[in-house]
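A quick write-up on the structure given underneath.
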Amino acid sequence: MNNILLLEDLPEIRSWLKVLIKQVFPDSQIHEAARVHDALELVSAVKFQLALCDLGLPDGSGVDVVAALRESQPECQSVVVTIHDDDDHLFPALQAGAFGYLLKEQARELIAEQLKRMSQGEPPLSPSIARRVISHFASQTRPQERPQNMPHVALTDRENEVLLRVAKGFTLPEIGVQLNLSRHTIADYVKQIYRKLNVSSRAEAALEAQRLGLFRR
Amino acid sequence: MLKRLALTAAAVLMWLAAGLPVAASAAEASSVLVIDKALSVNAVSGAPASFADAALPVSLPDDWAETRPRFQGSVWYRASFDRPPGTDARELMAIYIERACSNVEVYLNGQRLFSGGRMSEPVTRNCHYPQLVTLPGALLQDSGNLIEWQVQGHALQRVASRQRAGGMSVLKIGPHALLAPEHASRLFWNVTSVELVSLVLAALGCTMIGLGLLNRRETYFSYFGWLALTWGVLSARLWWRDMPWDTGVTEFLFCSAFAPLVALAVQFLLSYADLRSRWIENALAAQWVLMPATLLLLGPGRLFVAVGVWYPLFALEVAAATVLHLVVTWRRKRQDFWPMAVLLVGVIGIVLYEQGLQQGLIDAPRLPLMQLAVPLLFIGIAGRLLQVFARTLRAAEDGRETLEARVKQVTAEIEQNFAQLAELRVEQVTEKERKRIAGDLHDDLGAKLLTIVHTSESERISTLAREALEEMRLSVRGLTGKPMRLADALADWRAETVLRLGQANIEADWRSPADETEQLLPARGFVQTTRILREAVSNIIKHSGASHCKVRCTISDRQFGLTVQDNGKGIPMELDGKLDRGHGMSSMKHRAKQMQGQCLVESGPGYGTVIRLTLPL
């Protein structure tokens, strides 16, 4: 991990997170930003491997930074660091391309653990987020809502199976046991689900913009 | 109904008219002397004429139009008679003259006994009035009585109607007691009945005019009202004897009045059938001017000829309008056809009969048929109009009531809709306000608590702040949250509980009903239950030292149950109550009570702890 973006407006939290990141990734270079504007400038100048973004910022939402990173640096892993634990706030960030989320008030050890796991490709997935993902793809597969020119992003049966079990309240290790799959395989499924959510959300957004006449074909 | 009554009344009157004179004549015994022959002489001045030279024997009744055509002035008649057989000197005798047109004066044995009024212009118009002259006993001799009478009359050519042309009926001399009833009967039918009917018709006409003023859209009320009133006024020519102007003027005025009468009749018939024609209106108006003009142009001497052309024309016009009216009514308002057809055809029939009479084709009846029957038929029409009006009024009233009910219903609907809208608006505003409060809490309070969590040196304070933050988030979710599916809530709780127990190396055994339930849990209920469950799990992790935790859920129609059981060391008896605060048992119970549920804790040393939560759904 060479370059890490840290977007957070509260100085105390920012310094605390900085310490934490140094602890997990000792040889990384941390670029700090307190506002969306500054973060976007950094994104256009520096190539990042990891980005930690707060959502509620004085000049906008961290979702915009996540989206910009997804657009210009697809290899960068974006993680939302937020005080909002409800999916109304998290889901748009995941749609924009975030790879996971951290809740700020959790204990340092827990956050460090989750950050490490995410960087190793094991993103978290809660039942409520899983339900949102299911209903998102369900609406996409309805033919009357998906015009011809829209790329069809579909989940595989296995991905669906994992999502349904998460939605019912089973934890990822439990599902691994139930489906007789390794921890890494389950994590790959979850990553695929996040990726497909982002792709289909972007297609949906483009189509919506087209419908509103924002773009000319 | 009214129409039928009117028809019945008319029929009864006709029957009486036919019956009464017959009865009277049957009562006439041989004691009544009928004088049907007389000597007559035309007189130029008002002085008693000399019968010496030019006396002409005539038989009575004497119709001047036949015996002395175009004669205008006064004629003297003379006859002699003996006292009628079977009467004595003490009996009151009388002369009965059924018709002497226009006026008569009677002399007995050279003494003037009776005068019907003015004998010079304007001559008193007594054509329709029968006369009864009482004979003074002193003047009456047993035989050889000389009776002379002077009749002032008009040539047929100078009057509009045969009934007002000069003429003299037979004389009847007999006991007063026998002749008086006949006179009364004749007077009633000739004059009084016409007066009565005309009066009623005029009153009805005024009523109709009033109705017409109130209902300006139904113009036929006004037309009919004026028609009836005009007819009523015109009938004055029968009973108004002393007019302030000459006979020529009187006849001209009455004749001219028929033009507007016909115009009103035609307009009534058309408007009642919802027809209107400018052309016809203009023609009628022109006729109104043209008719008097022709009468003036031809002069009083050709009045009868002129009206002999005009009246049939009028009759034709009314007949044509009637046919038009009936045809339209047959097509559009079938239920109106028969009553109107009967009444109108009756009117037309009588008018045609009258025309035949005036042209001399039919003998004059003993009754003024047209003057009696037409008003009666008019009254019938008025009754029909009023009946239709009453029905329309009833229908309008019903319609108004229906409309009122409908308006009430619509108003109620609008009010209901408005109330729903207002409710919706309140909900929207509340929702917006909740979101604002939630946002403020996150941005302000949340940020500060977070700073405390991560900057506090004391582990205790940072833990407290973290818990406060958690509480705040749950409260905010309670504020903004929508009802949640119970199945989703169970999934969330399961994931969190299993994860936390797993991190603490406690084996979790969670079982909930496999079948998906569609029951909903209010946001507040979800938040409170989450807190209770979180507290219970925290207790197990922190205090119980258990290695195994069993969670069971039960869902029924009205109730939701959650049981959390561990195999830890339980809550020591002697510390019960003191430890309670640390374990948060009382807050769990309090939260359950807030949701009208209950939270029971069973524990014993070595037996672990069981927490049973039941909530109503």
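In order, the protein sequence lines correspond to chains A and B.
Residues in the first sequence are numbered consecutively from 1, following our numbering.
Residues in the second sequence are numbered consecutively from 1001, following our numbering.
Note that CB positions come from ideal geometry on N, CA and C, so glycine has one too.
Original post:
Relative to the C-alpha of R1331/B, which residue among G1301/B, L1275/B and V1351/B is closest?
Top reply: As a first step, residue 1331/B must be located in the second sequence, where it is residue number 331. That would be L1275/B, whose Cα lies nearest to the Cα of R1331/B.
Original post:
Terminal residues of the continuous alpha helix (DSSP H) containing Q210/A?
Top reply: The residue labelled residue 210/A in the question sits at position 210 within the first sequence. Here the alpha helix (DSSP H) through Q210/A covers R183 to R211.
Original post:
For K1448/B, which of helix, strand or coil comes out of DSSP?
Top reply: Counted from its first residue, the second sequence places residue 1448/B at position 448. Note: K1448/B maps to helix in three-state DSSP.
**OP:** Round the Cβ separation of Q1559/B and T1497/B to the nearest angstrom and send it over; I've been treating them as touching at under 8 Å.
**Re:** By 1-based counting over the second sequence, the position of residue 1559/B is 559. By 1-based counting over the second sequence, the position of residue 1497/B is 497. About 21 Å; that fails the 8 Å criterion.
**OP:** Compute the beta-carbon to beta-carbon distance between P1483/B and P1522/B, rounded to the nearest angstrom, for a pair I have assumed lies under 8 Å.
**Re:** Residue 1483/B sits at position 483 when you count from the first residue of the second sequence. Residue 1522/B sits at position 522 when you count from the first residue of the second sequence. With a Cβ gap of about 5 Å, P1483/B and P1522/B count as contacting.
Original post:
In terms of alpha-carbon separation, which member of V1266/B, G1174/B and G1604/B lies closest to A1319/B?
Top reply: Here the question's residue 1319/B lines up with position 319 in the second sequence. If we check each option's Cα against that of A1319/B, V1266/B comes out closest.
Original post:
Does the segment 1375 to 1386 of chain B come close enough to the segment 1352 to 1364 of chain B that 3 or more CB-CB pairs lie under 8 Å?
Top reply: no
Subject >> Neighbour-count burial assignment, F1418/B, 16 or more Cβ in a 10 Å radius >> reply: Locating residue 1418/B in the second sequence gives position 418, counting from the first residue. When all chains shown are included, F1418/B counts as exposed.
Original post:
Which chain B residues are close to R131/A, counting only those with a beta carbon under 7 Å from its beta carbon?
Top reply: Numbered from 1 along the first sequence, position 131 holds the residue referred to as residue 131/A. Result: D1488.
Original post:
Which word fits T1392/B, buried or exposed, when buried means at least 16 other C-beta atoms lie within 10 angstroms of its C-beta?
Top reply: In the second sequence, counting from the first residue as 1, residue 1392/B sits at position 392. Exposed, by the Cβ-count rule.
**OP:** Would you mind listing the beta strand (DSSP E) stretches within the segment 40 to 86 of chain A that are 3+ residues and don't spill past its ends, in chain order?
**Re:** 50 to 53 and 77 to 82
Subject >> Segment contact flag, the segment 1100 to 1115 of chain B with the segment 1208 to 1218 of chain B, C-beta cutoff 8 Å, min 3 pairs >> reply: no
Original post:
Are the CB atoms of P218/A and G100/A nearer to each other than 7 Å?
Top reply: Residue 218/A is absent from the structure shown; chain A starts at 1 and stops at 217.
Original post:
If you count every other CB in all the chains shown that lies within 10 Å of the CB of T1554/B, and 16 or more means buried, which is it?
Top reply: On the second sequence, position 554 is the one that residue 1554/B refers to. Exposed, by the Cβ-count rule.
**OP:** Within its chain, find whatever has a CB closer than 8 Å to the CB of R1157/B; leave out the 5 residues flanking it on each side and keep chain order.
**Re:** Counting from one through the second sequence, the residue named residue 1157/B turns up at place 157. The amino acid occupying residue 1157/B in the given sequence is Gln; Arg does not appear at that position. Answer for Q1157/B: R1070, G1301, R1302, L1303, F1304 and V1305, listed in chain order.
Original post:
Going along chain A in order, which residues have a C-beta closer than 8 Å to the C-beta of S1499/B?
Top reply: In the second sequence, counting from the first residue as 1, residue 1499/B sits at position 499. The question names Ser, but residue 1499/B in the sequence shown is Leu. T171, listed in chain order.
Original post:
Assuming F1252/B and L1295/B make a contact with CB atoms under 8 Å, what is their CB distance in whole Å?
Top reply: Residue 1252/B sits at position 252 when you count from the first residue of the second sequence. Residue 1295/B sits at position 295 when you count from the first residue of the second sequence. Confirmed, about 6 Å.
Original post:
What is the rounded straight-line gap between the Cα of Y1096/B and the Cα of L1171/B?
Top reply: The residue labelled residue 1096/B in the question sits at position 96 within the second sequence. The residue labelled residue 1171/B in the question sits at position 171 within the second sequence. Each residue's Cα considered, the two are about 6 Å apart.
Subject >> Chain-ordered chain A contacts of T1451/B [CB-CB under 8 Å] >> reply: Here residue 1451/B refers to the residue found at position 451 of the second sequence. Here the neighbours are L10, E12 and I13.
Original post:
Are the beta-carbon atoms of M1243/B and P1130/B separated by less than 7 Å?
Top reply: As a position in the second sequence, residue 1243/B is number 243, starting the count at 1. As a position in the second sequence, residue 1130/B is number 130, starting the count at 1. Not closer than 7 Å, so no.
Subject >> Straight-line gap, V19/A to L57/A (C-alpha atoms, nearest Å) >> reply: On the first sequence, position 19 is the one that residue 19/A refers to. On the first sequence, position 57 is the one that residue 57/A refers to. Going by the C-alpha atoms only, they are around 21 Å apart.
Original post:
Is the segment 1226 to 1244 of chain B close to the segment 1278 to 1286 of chain B, with three or more CB pairs under 8 Å?
Top reply: no
Original post:
If contact means a Cβ-Cβ distance below 7 Å, which residues of the segment 85 to 113 of chain A contact chain B?
Top reply: D85, D86, K104 and E105
Original post:
Helix or strand or just coil, what does DSSP make of L163/A?
Top reply: Counted from its first residue, the first sequence places residue 163/A at position 163. Looking at L163/A - three-state DSSP - the assignment turns out to be helix.
Original post:
Using 8 Å as the Cβ pair cut-off and three pairs as the minimum, do the segment 1543 to 1557 of chain B and the segment 1500 to 1512 of chain B touch?
Top reply: yes
**OP:** Step through the CB atoms of chain A and report whether any lies within less than 7 Å of the CB of R1552/B.
**Re:** Start at 1 with the first residue of the second sequence, and residue 1552/B comes out as number 552. No, R1552/B does not count as interfacial toward chain A.
Original post:
From G1446/B to L90/A, what does the alpha carbon distance come to, in whole angstroms?
Top reply: Looking up residue 1446/B in the second sequence gives position 446. Looking up residue 90/A in the first sequence gives position 90. Distance between the alpha carbons of G1446/B and L90/A is about 17 Å.
**OP:** Assign Q29/A to one of three DSSP states: helix, strand, or coil.
**Re:** Taking the first residue of the first sequence as 1, we reach residue 29/A at position 29. Correct three-state label for Q29/A: strand.
Original post:
Which residues bound the beta strand (DSSP E) around K1550/B?
Top reply: The residue given as residue 1550/B occupies position 550 in the second sequence. Per DSSP, K1550/B belongs to the beta strand (DSSP E) from H1548 to I1555.
**OP:** Could you name the residues that DSSP lists as bridge partners for Q1559/B?
**Re:** Residue numbering aside, residue 1559/B sits at position 559 when the second sequence is read from its first letter. According to DSSP, Q1559/B bridges with P1616/B.
Original post:
Which residues in chain A sit within 9 Å of D1492/B, going by Cβ to Cβ distance?
Top reply: As a first step, residue 1492/B is located in the second sequence; it is residue number 492 there, counting from the start. Those are S126, P127, S128 and G169, listed as they occur along chain A.
**OP:** Could you work out which residues of chain B lie near I83/A, taking near to mean beta carbons separated by less than 7 Å?
**Re:** For the purposes of this step, residue 83/A is identified with residue 83 of the first sequence, where counting begins at 1. By Cβ distance, chain B contributes H1442, G1446 and L1450.
Subject >> Cβ-Cβ distance between L1499/B and T171/A below 7 Å >> reply: In the second sequence, residue 1499/B corresponds to position 499, counting from 1. In the first sequence, residue 171/A corresponds to position 171, counting from 1. Yes, the Cβ-Cβ distance between L1499/B and T171/A is below 7 Å.
Original post:
If you measure from the beta carbon of H1543/B to each beta carbon in chain A, is any gap under 7 Å?
Top reply: Taking the first residue of the second sequence as position 1, residue 1543/B is located at position 543. Taking Cβ atoms only, chain A never reaches closer than 7 Å to H1543/B, which makes this a no.
Original post:
Among I175/A, D64/A, A51/A and Q210/A, which has the Cα closest to the Cα of Q29/A?
Top reply: The residue you call residue 29/A lines up with position 29 of the first sequence. Answer by Cα proximity: A51/A.
Subject >> Span separating the alpha-carbon of E71/A from that of A34/A >> reply: By one-based count along the first sequence, residue 71/A stands at place 71. By one-based count along the first sequence, residue 34/A stands at place 34. Going by the C-alpha atoms only, they are around 21 Å apart.
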